[in-house]
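Q: Residue numbers (UniProt numbering): 1 to 379. Input: one structure, supplied below.
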């Protein structure tokens with residue numbers, strides 16, 4: 001009987017994947033102990049923030065501030081006699097901010113709507129309707145509180161109707177708000193009988209003439225709305241949901257967000273801002289009429305676009321929109337002090353809007369990737 005001994009087959013050594021080469025521990029340790037190793041990470045983190053998507057808003061806002069500086073330099077070059085007077089310069093700054101106040105409040109609401117993936121062409125008509133309704137004799141009999149409540153309620157109500165038409169009526173935002181623009185203007189003309197309605201309330205009229213600490217009250221109202229809008233967009237769940245709904249509505253729905261209800265709230269917020277603007281504009285003119293706030297929708301959309309808000313939704317900043325409003329107000333002021341025509345001013349504004357849209361089409365992300373590749377190649 002012969003014992004058969006099984007032949008042991010030699011084990012094959014495990015092969016490393018081709019894409020994962022061995023790492024030399026000595027080289028790793030040397031790199032960890034090398035001078036500057038501990039300081040390189042924070043610097044790279046700061047650079048990645050500035051060059052990455054998270055720093056895009058800061059880059060854009062700095063660019064807008066640069067545009068404002070250029071406009072000021074142009075003003076100094078064209079009217080050195082005026083800019084040489086420090087008292088006039090301060091008064092002119094307050095004039096620009098006062099000019100931007102009403103459109104700025106409307107722009108805050110418009111920014112939320114656009115970030116949420118919509119558009120609102122009826123904001124100017126809502127301002128007119130709220131102003132006319134608030135200055136009827138019946139409403140004025142209730143005093144300043146009744147006028148303010150009416151303007152806010154009308155703006156909020158019309159905004160809710162817009163939101164319901166878009167969310168539950170399945171209408172395209174452009175069509176729904178365009179129809180509301182025509183209807184609201186018509187209703188304002190019907191209520192006012194196509195006449196200018198004079199505001200006789202001293203409290204309402206005093207909003208435009210009051211200047212606590214030398215700054216117009218209208219500027220304080222704009223600052224309060226901007227701060228509230230910034231907090232709402234950047235520090236609350238509502239703001240995060242707005243960005244999510246505008247960026248990808250289906251993904252937002254799958255994440256548990258009620259997209260329809262949120263869209264209604266966005267248009268209601270825009271209408272509420274229009275109600276505030278109606279009181280401010282009525283205070284400035286001491287009256288209201290159906291033709292007031294003409295083309296405010298275009299000014300608000302243009303300011304939001306200049307500020308970096310994407311027309312497709314999902315991105316935007318309140319600070320950028322405010323800077324966009326101030327830029328347009330500065331251009332208007334610059335043309336006024338130089339005696340230039342309104343037609344030329346409108347052409348310049350149109351060119352700025354086109355340039356802003358073209359810049360939006362250029363992805364800063366591509367530029368960031370180019371810088372990253374260039375840095376790696378140099379290293």
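Glycine is no exception: its CB is placed at the ideal position from the N, C-alpha and C atoms. It should be emphasised that the depicted structure is a prediction, and the values quoted were computed from it without experimental measurement.
(1) Go ahead and pull the three-state DSSP assignment for residue 209.
(2) Considering only the beta carbon of each residue, do residue 88 and residue 82 sit closer than 8 angstroms?
(3) May I ask you to report which of helix, strand or coil DSSP gives residue 182?
(4) Could you pull out every unbroken alpha helix (DSSP H) segment of at least 4 residues lying fully inside the segment 48-122, listed in chain order?
(5) As a quick exercise: from 329, 346 and 267, pick the residue whose alpha carbon is nearest that of residue 160.
(6) Can you say whether residue 227 is buried or exposed, counting buried as having 16 or more other CB atoms within 10 angstroms of its CB?
(7) Going by Cα to Cα distance, which pick from 180, 123, 66 and 242 is closest to residue 115?
(8) With DSSP as the reference, identify every bridge partner of residue 198, one or two as the case may be.
(9) Would DSSP call residue 193 helix, strand or coil?
(10) Kindly indicate which three-state DSSP category residue 245 falls into: helix, strand or coil?
(11) Using a threshold of 8 angstroms, state whether the C-beta atoms of residue 165 and residue 121 are closer than that.
(12) With distances taken between CB atoms, is the gap from residue 109 to residue 209 smaller than 8 angstroms?
(13) With DSSP collapsed to three states, give me the class of residue 131.
(14) Can you find the residues in the same chain that come closer than 7 angstroms, C-beta to C-beta, to residue 67, ignoring five residues on each side of it along the sequence?
(15) Let me know if residue 296 comes out buried or exposed under the rule of 16 or more other beta-carbons within 10 Å of its beta-carbon.
(16) For residue 157, name the three-state secondary structure that DSSP assigns.
(17) Could you tell me whether the segment 206-224 touches the segment 95-105, where touching means 3 or more Cβ pairs closer than 8 angstroms?
A: Taking the structure as given:
(1) helix
(2) Yes; because the gap between Cβ atoms is below 8 angstroms, this pair is in contact.
(3) helix
(4) 56-78, 80-83 and 86-115
(5) The shortest C-alpha separation from residue 160 is found at 267.
(6) exposed
(7) 242
(8) Bridge partners of residue 198: 287.
(9) coil
(10) helix
(11) no
(12) no
(13) helix
(14) The beta carbon of residue 67 lies closer than 7 angstroms to those of 327 in the same chain, with the five residues before and after it left out.
(15) buried
(16) helix
(17) yes
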